[in-house]
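Asks: Chains as they are written, first to last, in this note's numbering: chain F, 113 to 655; chain V, 8 to 361.
For glycine and all other residues, C-beta sits at the position ideal for the given N, C-alpha and C.
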């Protein structure tokens with residue numbers, strides 16, 4: 113709508129956007145700098161294998177998550193059976209559990225010396241010891257399995273929404289035209305849901321590509337671990353930036369696919385939701401089969417790892433409940449709260465700017481500031497380090513020039529780096545959420561309040577904020593939780609001696625001592641459950 | 008339009024739009040448009056979607072800048088090139104298709120929103136008055152989602168009238184109301200507006216709404232006003248084919264010869280009312296379906312091709328000159344079988360030709 117916005121507002125919004133997009137720009141810029149021939153060395157030796165590994169893992173996870181997620185979605189969307197409503201949200205819970213914790217738990221279970229392999233060897237009569245290993249847990253296959261167990265809810269969620277939004281009359285008319293249940297799924301429902309499923313799959317692919325902890329744990333070298341090792345091992349920012357830029361190419365391809373999916377989805381999903389009577393009631397035996405499948409998926413992906421974690425947490429409570437635990441919790445909380453407040457402010461500013469301004473360009477700051485979300489944590493960390501170290505060097509140079517004592521790495525070596533990185537990464541959540549709740553407020557509401565003599569600022573406080581407060585709350589909570597969970601960026605950027613709950617748990621996972629950090633892990637899981645519950649409630653209301 | 012000579016003082020116009028042009032990102036939406044509204048007059052802007060009527064409404068409301076011309080509300084200049092008085096200073100009310108009620112406020116608070124300058128007691132009195140006016144007394148504590156569409160639109164009317172705007176703008180306000188209650192609501196709101204002496208503009212694409220609601224109708228055609236007048240004027244004396252077709256059904260007959268007392272057409276001679284005022288350059292005569300009277304005539308070349316019983320009348324499609332067709336509306340008693348030969352007569356009237 114038309115509004116005379118002050119120039120100040122415009123400048124501030126664009127400035128924020130440019131700062132938030134600076135890590136990506138810095139990455140690309142740094143890639144062209146001179147390096148110590150490390151990149152070309154890596155390129156000639158191991159990097160092609162790493163790329164192949166990244167692609168293999170991603171592809172495997174896409175296939176496996178689809179095989180788990182789409183059937184689950186179809187079942188809960190189309191059939192009625194006991195506990196259907198419960199399973200709708202139970203299947204979302206795996207999103208809350210850190211993937212490296214799941215990896216740890218399954219390693220205990222499936223490794224050579226673990227109970228399953230021992231049992232199998234007993235059956236098969238194979239000697240334990242050298243050559244007695246039936247399955248090497250530290251492998252690409254394990255990484256694919258674990259990541260799929262944790263990530264399938266994305267595919268499930270989007271496919272479920274797509275199936276549920278499909279008009280019941282479409283399926284009815286397919287039936288009338290002679291399709292049986294399977295044919296109507298294959299010929300009507302699945303093609304209609306395809307754009308949504310594509311979005312789900314690209315999300316899964318992005319998360320997989322960004323995964324650091326699981327592949328590192330299973331000793332699978334991928335691009336993320338390469339970035340990490342290049343920086344921490346060689347200390348070569350340029351080489352790290354080059355590998356990161358390489359990942360950016362993959363990420364941008366995925367984003368393009370996702371955008372395409374969103375565009376198509378608009379045309380494919382127009383009708384209103386289906387009525388309850390359209391769901392088919394399953395008979396006792398059918399219900400049993402369906403339920404066993406869902407229970408298996410839920411147990412494998414959430415219940416078993418969670419219970420194991422809970423058992424550890426209880427058994428080792430005495431050792432875990434100490435000052436360190438409290439300190440790390442406080443660190444995590446502090447960073448998360450700070451970041452969510454900053455993101456809230458940025459989100460409000462940019463989203464409101466877009467709404468009020470008539471110029472088409474006003475949507476750009478919001479878009480720019482959202483690019484950080486697609487960056488894998490390791491890549492983002494390198495992207496943040498580039499401008500911050502440059503800034504630090506310049507500051508130190510200036511101090512030296514005036515013969516003052518050097519202040520040290522005040523940006524790149526402090527909490528500032530972590531907070532900045534998190535804001536870059538998570539402001540997309542708040543901008544997106546606030547923008548989308550604002551679009552639900554009809555533009556005529558703005559116009560009518562304008563004609564009623566209400567100034568834009570007053571309008572924001574009396575009309576828009578009350579109307580979008582749920583969206584604000586949800587956005588802030590999500591940013592808070594993501595900040596609590598974020599691992600790779602924290603690993604690379606934390607100041608010396610600074611630990612968050614996530615880095616603490618990861619440290620113990622890689623030291624094969626998860627038991628001692630189980631309490632922290634449980635806290636992360638519980639915090640992670642909040643958005644899942646919120647998400648589910650939001651979806652329930654949407655229907 | 009209304010301005011016939013200088014006999015009317017300019018100050019009596021409640022809205023004066025002069026030579027207005029508007030653009031949406033380089034594309035001209037309205038060009039060189041003029042419109043005037045007298046006090047207490049209700050004017051409908053009628054036209055298909057995308058013809059610029061909503062743009063005109065928005066520029067009057069100050070929600071859109073204008074590129075040329077000027078807009079005056081009462082005696083205040085509110086828009087001209089490079090100047091747009093903010094909406095909040097224009098004293099206008101606006102009603103939307105989606106009602107635009109504040110969903111987080113009760114009916115009472117919605118209406119109170121625009122009258123914060125009144126004291127608390129005055130406000131309560133005004134709100135009570137307004138609710139009574141729109142027949143919603145007793146629903147003050149309800150929230151918008153607890154009301155039907157018609158009730159919500161009444162609240163919107165009450166809210167807009169509460170602060171006594173100089174001009175009320177209605178943007179397709181009845182489109183979301185179900186068809187059973189639409190005409191009743193329209194009649195009711197028109198009565199309210201007349202009773203409160205409100206000057207109003209209604210934007211609509213439905214000719215029925217325009218006929219029922221407005222004193223005058225401005226027919227839009229691609230960013231311009233094709234004709235302004237009362238419903239009767241537009242129907243019986245449309246300025247061009249576009250208006251004739253938009254306002255009602257029309258038949259066109261080629262004029263073969265002009266005469267002093269009428270014109271010669273494909274179906275015979277049609278007499279003018281007094282003297283034939285049809286310009287010699289006009290090529291086709293327009294006849295509304297009910298102006299043609301059907302009579303049985305076995306030797307006639309005209310045949311009934313299709314017929315449809317509509318309750319209050321018959322619709323006949325009559326073929327003439329091999330492939331040409333005429334639509335005729337006949338009295339219920341005048342029943343003719345398909346294929347029967349008929350004659351068409353037209354009473355002498357003031358002819359309309361293009």
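(1) Does DSSP classify residue 347(V) as helix, strand or coil?
(2) Could you tell me which chain F residues have their CB closer than 8 Å to the CB of residue 107(V), listed as they occur along the chain?
(3) With burial defined as no fewer than 16 other Cβ atoms inside 10 Å of the residue's Cβ, what is the status of residue 261(V): buried or exposed?
(4) Spell out whether any CB of chain F is found under 7 Å from the CB atom of residue 219(V).
(5) Are residue 536(F) and residue 135(F) closer than 7 Å when you measure CB to CB?
(6) Can you find at least 3 beta carbon pairs, one from the stretch 140-149 of chain V and one from the stretch 91-102 of chain V, that sit closer than 8 Å?
(7) Around the Cβ of residue 288(F), are there at least 16 other Cβ atoms within 10 angstroms (buried) or fewer (exposed)?
(8) Given residue 178(F), which residues of its chain have a CB within under 7 Å of its CB, disregarding the five upstream and five downstream residues?
(9) Under 6 Å Cβ to Cβ from residue 626(F), same chain only, skipping five residues before and after it: list those, please.
(10) Between the Cα of residue 212(F) and those of 367(F), 327(F), 345(F), 449(F), spot the shortest distance and give me the residue it belongs to.
(11) Considering only the beta carbon of each residue, do residue 250(F) and residue 330(F) sit closer than 7 Å?
(12) Going by beta carbon distance, what residues of the same chain come within less than 7 Å of residue 526(F), once the five residues before and after it are set aside?
(13) Within 10 angstroms of the Cβ of residue 645(F), are there 16 or more other Cβ atoms? Answer buried if so, exposed if not.
(14) With DSSP collapsed to three states, give me the class of residue 46(V).
(15) Can you pull the chain V residues whose beta carbon is under 7 Å from the beta carbon of residue 565(F), in chain order?
(16) Name the one or two DSSP bridge partners that residue 90(V) has.
(17) Whole angstroms are fine: how far does the CA of residue 21(V) sit from the CA of residue 81(V)?
(18) Check each residue of the stretch 565-587 of chain F: if its Cβ is closer than 7 Å to any Cβ of chain V, include it; give the result in chain order.
(19) Leaving out five residues before and five after residue 617(F) in sequence, what residues of the same chain have Cβ atoms less than 8 Å from its Cβ?
(20) Under DSSP, the beta strand (DSSP E) around residue 606(F) begins and ends at which residues?
(21) Taking just the CA atoms, how far does residue 104(V) sit from residue 468(F)?
(22) Can you pull out the residues from the stretch 61-91 of chain V whose beta carbon lies closer than 7 Å to at least one beta carbon of chain F?
(23) Using a Cβ-Cβ cut-off of 7 Å (strictly less than) and excluding sequence neighbours within five positions of residue 388(F), which residues of its own chain qualify?
(24) From 574(F), 493(F), 440(F), pick the residue whose C-alpha is nearest to that of residue 119(V); which is it?
(25) Could you tell me if residue 590(F) is buried or exposed, where buried requires 16 or more neighbouring beta carbons within 10 angstroms of its beta carbon?
(26) Would you give the residue range spanned by the alpha helix (DSSP H) that residue 275(F) belongs to?
(27) Quick one: what's got a C-beta closer than 6 Å to residue 208(V)'s C-beta in the same chain, skipping five residues either side?
(28) What residues from the stretch 242-269 of chain V come within 7 Å of chain F, judged by C-beta to C-beta, listed N to C?
(29) Check whether the Cβ of residue 99(V) lies closer than 7 Å to any Cβ atom in chain F.
(30) Which bits of chain F does residue 110(V) rub up against, with CB to CB less than 8 Å?
(31) Listed in chain order, which residues of the stretch 174-192 of chain V have Cβ atoms closer than 7 Å to some Cβ of chain F?
(32) For the stretch 192-263 of chain V, list the alpha helix (DSSP H) runs that are entirely contained and at least 4 residues long, ordered along the chain.
(33) Contact criterion: CB-CB distance below 7 Å. Does residue 103(V) meet it with respect to chain F?
(34) Could you work out which residues of chain F lie near residue 170(V), taking near to mean beta carbons separated by less than 9 Å?
(35) Report the option in 348(F), 324(F), 346(F) whose CA atom is closest to the CA atom of residue 337(F).
Replies: Based on what the coordinates show:
(1) coil
(2) 554, 556, 557, 559, 560
(3) exposed
(4) no
(5) yes
(6) no
(7) exposed
(8) 267, 313
(9) 216, 620
(10) 327(F)
(11) yes
(12) 607
(13) exposed
(14) coil
(15) 95, 121
(16) 87(V)
(17) 5 Å
(18) 565, 566, 567, 575, 578, 579
(19) 210, 212, 213, 626, 629, 632, 633, 636
(20) Residue 606(F) -> no beta strand (DSSP E), and no H or E assigned at all.
(21) 21 Å
(22) 68, 70, 71, 72
(23) Residue confidence for residue 388(F) is low, a pLDDT of 47 falling below 50, so the modelled location carries little weight; the figure read from the coordinates is stated next. Closer than 7 Å at the Cβ level, and outside the excluded window around residue 388(F), lies no residue.
(24) 574(F)
(25) buried
(26) 252-277
(27) 50, 176
(28) none
(29) yes
(30) 579
(31) none
(32) 214-220, 238-243, 248-254
(33) yes
(34) 564, 565
(35) 324(F)
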